[in-house]
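Residue numbers (the numbering used here): 12 to 550. To start, the structure itself, in structure tokens.
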């Protein structure tokens, strides 16, 4: 494999460009599950509402929220909305707010959003002809857990914009009552929040966006807000997909040109070496082997270079990126990834230990088949003359069956990998859905997060699958590269001297055209003993 990487090093600039493009492709590929999660969780379930701070709000709702905040936070909230959009009292959030100011307002308005929404929910579930008290949610927080749970089960009617208007009117009337003080409400809120555990508080956080959804419904813009969010996020997904397609095309183009250049250079070097070989070097390699090395072996190296640039370099980037995205989320399902990776590594190790030796001898068997075929074709006339057709057929059949058996074994090993991979992927999805459903039931995970988690897991599995498919091919390519390098490094036994010196021409009378050998010996290349010894003759 070192010789293949040496060939790639000659094109280091193109390889660096491919790696950079693969990082861009992996970024796009890993970003798509996040956008899918946003579409499901925020776009569909939350109606396109990303923040507990509404972009537009009516004055009545703003006043009700301000009553549930400290005086400082209430002033900041009132100042955050700059102007009226229309004559019905709808205010627009200022666009010049800094990120820090916006974050502070979101934290300050979350609890008032929850209280106001729960008040609207209690108003919706109140008996006919009665209105729930505006401060009823605060007293509900301070009740025992079983009582609060029983009350929650009775709230089967979802609040509407009319319920929100009724509650806002109650808060306005409450503010005008004698003895009203903002400090009293803050004390009740603080006391109520102390009674709520972390799990309940995290599940209640989504109710802040539900209040914003009610406010948008009252304004008549909830559908427009949702569609605007879906079009925006969907457009971003489409842009990332198009960018990924363009990058994939560029990677394929550069990788193909690099591999074609490597194949051209190897063929040139191999042909340049073979053209200077004497009969000794040709007989050492055999003509059939030289043909195989110049064609099939170079094709193996060329194909491997494409795979290295397009798959082997991409798989670790995608796999590591998927693991990073999975571990960043607080899903509690990271152990499934560990179990998945362990099963994949075990499967790949077993398959490689079984199939690797067969892949290494594949090129030798191809050489043997080519040698037998060439001997039959070049000696077809003597074969017919001595009626050796059946013997040559048996020779060819033996070489062909040996190659076929090896190829069948390796192909069966590779085919057997796919069912196990499918079993691991489906089993992983089953575990994620099972334990993810429990996490969603506990309020620790949303549907979109589970979908994204499954997608990231499949990307990690596909990364290992790509590496496994390539890993069993690399030994054969490594053997092919060694065979090509062996031809290129072989020096011709007969070569012209570096600096030939011209000798003076002899007169015809000085030579008689006689070649004389005295006490010479001869042995064939690679033979253990001489074929002729101590021979003297004159030619």
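Each residue gets a CB set at the ideal place from its N, CA and C atoms; glycine is no exception. These numbers were taken from a predicted model, which means no experiment stands behind them.
Problem - First through last residue of the alpha helix (DSSP H) which encompasses residue 446 - result: Taking the chain shown and counting its residues from 1, the one referred to as residue 446 is at position 435. It spans 400-452 - the alpha helix (DSSP H) in which residue 446 sits, taken as one unbroken run.
Problem - Supposed contact pair residue 21 and residue 308 - C-beta distance, whole angstroms, cut 8 Å - result: What you label residue 308 is simply residue 297 of the chain shown in a count that begins at 1. What you label residue 21 is simply residue 10 of the chain shown in a count that begins at 1. That pair is no contact at about 18 Å.
Handout entry: Nearest neighbour of residue 108, chosen from 116, 544 and 102 [CA to CA]
Key = Within the chain shown, numbered from 1, the residue matching residue 108 stands at position 97. Of 116, 544 and 102, the residue nearest in Cα terms is 116.
Handout entry: Test item: CB-CB of residue 322 and residue 486 under 7 Å
Key = Residue mapping note: residue 322 aligns to position 311 of the chain shown, counting from 1. Residue mapping note: residue 486 aligns to position 475 of the chain shown, counting from 1. Result no, Cβ atoms of residue 322 and residue 486 do not sit closer than 7 Å.
Practice task
Give the secondary structure of residue 88 by DSSP, where H, G and I count as helix, E and B as strand, and everything else as coil.
Solution key: In the chain shown, counting from the first residue as 1, residue 88 sits at position 77. Looking at residue 88 - three-state DSSP - the assignment turns out to be helix.
Handout entry: Close-in-space but distant-in-sequence residues of the same chain around residue 228 (CB under 6 Å, 5 per side omitted)
Key = Taking the chain shown and counting its residues from 1, one reaches residue 228 at position 217. Answer for residue 228: 172, listed in chain order.
Handout entry: Closest Cα partner of residue 28 within the set 360, 261 and 548
Key = Locating residue 28 in the chain shown gives position 17, counting from the first residue. Ranking the options by Cα distance to residue 28, first place goes to 261.
Exercise for the section: Could you work out which residue in 60, 33, 38 and 418 is closest to residue 336 when comparing CA atoms only? Expected result: The residue labelled residue 336 in the question sits at position 325 within the chain shown. Nearest C-alpha to residue 336: 38.
Practice task
Give the secondary structure of residue 182 by DSSP, where H, G and I count as helix, E and B as strand, and everything else as coil.
Solution key: The residue given as residue 182 occupies position 171 in the chain shown. Shown here, residue 182 sits in a helix according to DSSP, grouped into three states.
Problem - Simplified DSSP state of residue 486, which is helix, strand or coil - result: Position 475 of the chain shown, counted from the start, is the residue given in the question as residue 486. DSSP places residue 486 in helix when its eight states are reduced to three.
Exercise for the section: Between the Cα of residue 296 and those of 500, 218 and 89, spot the shortest distance and give me the residue it belongs to. Expected result: On the chain shown, position 285 is the one that residue 296 refers to. Per the Cα distances, 500.
Problem - Sequence ranges, alpha helix (DSSP H) only - wholly within the region 23-101, length at least 4 - result: 23-49, 70-78 and 82-91
Practice task
Give me the Cα-Cα distance between residue 168 and residue 129, rounded to the nearest whole angstrom.
Solution key: The residue labelled residue 168 in the question sits at position 157 within the chain shown. The residue labelled residue 129 in the question sits at position 118 within the chain shown. Spanning the two alpha carbons is a distance of roughly 12 Å.
Exercise for the section: Take the Cβ of residue 381 as the centre, count every other Cβ of all protein chains shown within 10 Å, and call the residue buried at 16 or more, exposed below. Expected result: To locate residue 381, count along the chain shown from 1; it is residue 370. Buried, since its Cβ has 16 or more Cβ neighbours within 10 Å.
Exercise for the section: Identify whether residue 159 lies in helix, strand or coil by the three-state DSSP scheme. Expected result: Against the chain shown, residue 159 aligns to sequence position 148. The pLDDT assigned to residue 159 is 43, lower than 50, so where the model puts this residue is not dependable; a value taken from the coordinates is nonetheless given after this. Residue state, collapsed to three classes: helix.
Handout entry: Simplified DSSP state of residue 397, which is helix, strand or coil
Key = In the chain shown, the residue the question calls residue 397 occupies position 386. Of the three classes helix, strand and coil, the one that applies to residue 397 here is coil, per DSSP.
Handout entry: Cβ-based neighbour list, residue 504, same chain, cut-off 6 Å, excluding 5 preceding and 5 following
Key = Indexing the chain shown from 1 puts residue 504 at position 493. Answer for residue 504: 289 and 291, listed in chain order.
Exercise for the section: Compute the Euclidean distance between the alpha carbons of residue 165 and residue 136, then round it to the nearest angstrom. Expected result: Residue numbering aside, residue 165 sits at position 154 when the chain shown is read from its first letter. Residue numbering aside, residue 136 sits at position 125 when the chain shown is read from its first letter. The pLDDT assigned to residue 165 is 49, lower than 50, so where the model puts this residue is not dependable, and the model offers no usable value.
Practice task
Compute the distance between the beta-carbons of residue 63 and residue 110, then report whether it is under 7 Å.
Solution key: Residue 63 sits at position 52 when you count from the first residue of the chain shown. Residue 110 sits at position 99 when you count from the first residue of the chain shown. No, the Cβ-Cβ distance between residue 63 and residue 110 is not below 7 Å.
Practice task
Give the DSSP-derived three-state secondary structure of residue 252 in the structure shown.
Solution key: Sequence index remark: in the chain shown, residue 252 carries index 241 (1-based). Correct three-state label for residue 252: helix.
Exercise for the section: Consult DSSP for residue 109 and reduce its assignment to one of helix, strand or coil. Expected result: Your numbering for residue 109 matches position 98 in the chain shown. Of the three classes helix, strand and coil, the one that applies to residue 109 here is coil, per DSSP.
Handout entry: Endpoints, alpha helix (DSSP H) assigned at residue 351
Key = Within the chain shown, residue 351 is the residue found at index 340, counting from 1. Residues 345-371.
Handout entry: Contact the region 434-446 vs the region 341-348: 3+ CB pairs below 8 Å
Key = yes
Exercise for the section: Could you give the DSSP three-state label for residue 502: helix, strand or coil? Expected result: Translated into positions along the chain shown, residue 502 becomes position 491. DSSP places residue 502 in the coil class of the three-state scheme, outside both helix and strand.
Practice task
Taking the CB atoms as reference points, tell me whether residue 36 and residue 258 lie closer together than 7 Å.
Solution key: Here residue 36 is taken as the residue at index 25 of the chain shown, counted from 1. Here residue 258 is taken as the residue at index 247 of the chain shown, counted from 1. Yes; because the gap between Cβ atoms is below 7 Å, this pair is in contact.
Practice task
Measure from the C-beta of residue 366 to each C-beta in chain B and report whether the shortest distance is under 7 Å.
Solution key: The structure shown contains no chain B, having only a single protein chain.
Problem - From 218, 311 and 45, residue whose alpha carbon lies closest to that of residue 248 - result: For the purposes of this step, residue 248 is taken as residue 237 along the chain shown, with counting starting at 1. Comparing Cα positions, the closest option is 45.
Exercise for the section: Out of 420, 93 and 32, point me to the one whose CA is closest to residue 67's CA. Expected result: Counted from its first residue, the chain shown places residue 67 at position 56. The residue with the shortest Cα to Cα distance from residue 67 is 93.
Exercise for the section: Use the C-beta contact count for residue 279: other C-beta atoms within 10 angstroms, 16 or more gives buried, fewer gives exposed. Expected result: Stepping through the chain shown from its first residue, residue 279 is reached at position 268. Counting Cβ neighbours within 10 Å, residue 279 comes out exposed, since fewer than 16 surround it.
Practice task
Compute the Euclidean distance between the alpha carbons of residue 87 and residue 103, then round it to the nearest angstrom.
Solution key: Against the chain shown, residue 87 aligns to sequence position 76. Against the chain shown, residue 103 aligns to sequence position 92. Whole-angstrom Cα-Cα distance: 14 Å.
Handout entry: Contacts around residue 525, its chain only, beta-carbon distance under 8 Å, and the 5 residues preceding and following it disregarded
Key = Reading the chain shown from its first residue, position 514 is the one you call residue 525. Correct list, in chain order: 549 and 550.
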